[in-house]
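Q:
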Amino acid sequence: MLAWIVTGVCLFYLLVNFLLLHWAGVKPLARFINDENHLNATLARLLKPRWPGSLGHSQVRDFLLQELLDLGFHTDRDEFVDGVAFTNVMGTINPEAPNFLLLCCHYDTENLTDVEGYLGATDGAVSCAILLNMAKTLGPYLREELRKRLDIGLALVFFDGHEPMPTDRKDSSALRGSKRFVRMETLPLESIELAIALNFIGAPAQAYMSHYDNTYMLHNRLAEIELDLRESGQLAPCHLLFQKLKDHDLPDDHYPFLDEGNLVY
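Using the working numbering, read the sequence shown as starting at 5 and increasing by one per residue.
1. Here's a check: name, in chain order, each residue in its chain whose Cβ is nearer than 8 Å to the Cβ of N224, leaving out the five neighbours to either side.
2. From which residue to which residue does the beta strand (DSSP E) around Q247 run?
3. Tell me whether R184 is buried or exposed, calling it buried when 16 or more other Cβ atoms sit within 10 Å of its Cβ.
4. Going by Cα to Cα distance, which pick from R173, E167 and I134 is closest to L160?
5. For Y220, which of L231, L267 and L191 has the nearest alpha-carbon?
6. Going by DSSP, what residue range makes up the beta strand (DSSP E) through G157?
7. Going by DSSP, name the residue or residues bridged to D86.
8. Could you pull the start and end residues of the beta strand (DSSP E) that F204 belongs to?
9. Can you say whether R173 is buried or exposed, counting buried as having 16 or more other CB atoms within 10 angstroms of its CB?
10. Near S182, which residues of its chain fall below 6 Å by C-beta distance, leaving aside the five closest residues on each side in sequence?
11. Mapping the DSSP letters down to three states, classify S214 as helix, strand or coil.
12. Work out the CA separation of G237 and P102 for me, nearest whole Å.
13. Could you tell me whether any non-hydrogen atom of the ligand ADP is closer than 7 Å to the CB of G95?
14. What span of residues does the alpha helix (DSSP H) with L43 cover, start to end?
15. Three or more C-beta pairs closer than 8 Å, one from the segment 40–54 and one from the segment 112–126: is that the case here?
16. Identify, in the order they occur along the chain, each residue of the same chain with its Cβ nearer than 7 Å to the Cβ of G143, setting aside the five sequence neighbours on each side.
17. Compare the Cα-Cα distances from E194 to each of A211, A207, A227 and I156 and report the closest residue.
18. Nearest CA to the CA of Y212: which residue from K250, L154, R147 and L179?
19. State the beta-bridge partners of D80 as determined by DSSP.
20. Is it buried or exposed, D4, if we count other Cβ atoms within 10 angstroms and call 16 or more buried?
21. Starting from C109, follow its DSSP beta bridges and name the residues at the other end.
22. Going straight from the alpha carbon of V88 to that of N203, what length do you get?
23. Whole angstroms is fine: what's the gap from Q210's alpha carbon to L245's?
24. To the nearest angstrom, how far is the alpha carbon of F104 from that of R151?
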């Protein structure tokens with residue numbers, strides 16, 4: 005699984021670099037430094053049952069906040085109660101910027117009474133690890149470049165309450181954290197140029213397709229970057245991750261943004 009995750013991390017770095025170059029006109033980073041040790045260590049801290057109200061949940065929440073602080077991000081936490089306590093976690097570079105690229109995922113797991121010790125590896129943990137690893141690897145570069153361009157900022161958001169609670173309908177998609185983020189406008193919605201939601205990453209033979217016409221260009225660009233890297237021998241051997249195809253979508257944390265008219269990917 006690690007090879008696919010690392011390949012996805014590298015391509016995700018390139019996507020962020022491409023988007024920031026496109027919107028902010030920042031200088032592209034010529035060489036990406038891979039830090040697999042940090043990725044592995046971060047993932048290990050996240051791989052525990054972390055349903056709201058559990059010890060693992062509070063440990064992961066505090067870990068996310070501390071990591072973002074240590075990596076030089078301005079941090080915010082939004083606590084709210086809906087039966088139990090939830091906390092959205094956000095780290096920003098240029099928090100006063102008028103425009104943001106928003107990268108998000110969720111960190112909670114579902115409280116599955118019929119599955120002992122459910123870790124939610126591909127369902128949340130890997131996505132959180134990718135965002136934190138990107139923050140460590142690209143953080144100094146992004147802070148240096150964005151310091152020159154105060155009109156664009158980067159927001160990393162870790163949503164809580166993504167999974168349904170035991171009292172919810174079995175067929176419901178809770179999305180409590182992302183719905184609250186949009187409703188409260190933790191970041192003004194008009195300032196969000198693009199919201200990228202990460203989830204279900206790390207499974208064998210996984211492939212990624214485009215879900216929306218208005219961000220199909222971005223998806224195709226990422227697919228082209230992957231092909232270029234493969235042809236130059238810079239990626240570890242594995243199947244093609246980003247396909248130039250369109251597929252149906254599933255309810256996830258980008259839906260509240262989509263409902264408000266934001267570009268999502």
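We put the CB at the ideal spot given by N, CA and C, even for glycine.
A: In brief:
1. So the list reads S214 and K248, once near-sequence residues are dropped.
2. Bounds of the beta strand (DSSP E) holding Q247 are F246 to K250.
3. Classification of R184: buried, given that the 10 Å Cβ count is 16 or more.
4. Considering only alpha carbons, the answer is I134.
5. L267 is the residue among L231, L267 and L191 whose C-alpha sits nearest the C-alpha of Y220.
6. First-last of the beta strand (DSSP E) with G157: G157 to F163.
7. D86 pairs with V88.
8. Taken as a continuous stretch (DSSP letters only), F204 belongs to no beta strand (DSSP E), as it is neither H nor E.
9. Exposed, since its Cβ has fewer than 16 Cβ neighbours within 10 Å.
10. Taken in chain order, the residues that qualify are F163, D257 and P260.
11. Of the three classes helix, strand and coil, the one that applies to S214 here is strand, per DSSP.
12. In a straight line, the C-alpha of P102 is about 39 Å away from that of G237.
13. Absence of the ligand ADP is noted for the structure shown, with no ligands found whatsoever.
14. Here the alpha helix (DSSP H) through L43 covers E40 to L50.
15. With a cut-off of 8 Å on Cβ pairs, the segment 40–54 is in contact with the segment 112–126, counting three or more such pairs.
16. So the list reads L75 and G76, once near-sequence residues are dropped.
17. Nearest in C-alpha terms to E194, of all of A211, A207, A227 and I156, is I156.
18. Nearest C-alpha to Y212: K250.
19. Answer is M94, bridged to D80.
20. This structure cannot speak to residue 4, because the chain is shown only from 5 to 269.
21. Under DSSP, C109 takes part in a beta bridge, and its partners are F162.
22. Approximately 23 Å between the Cα atoms of the pair.
23. It is roughly 7 Å from the alpha-carbon of Q210 to the alpha-carbon of L245.
24. Taking the straight line joining both Cα atoms gives about 14 Å.
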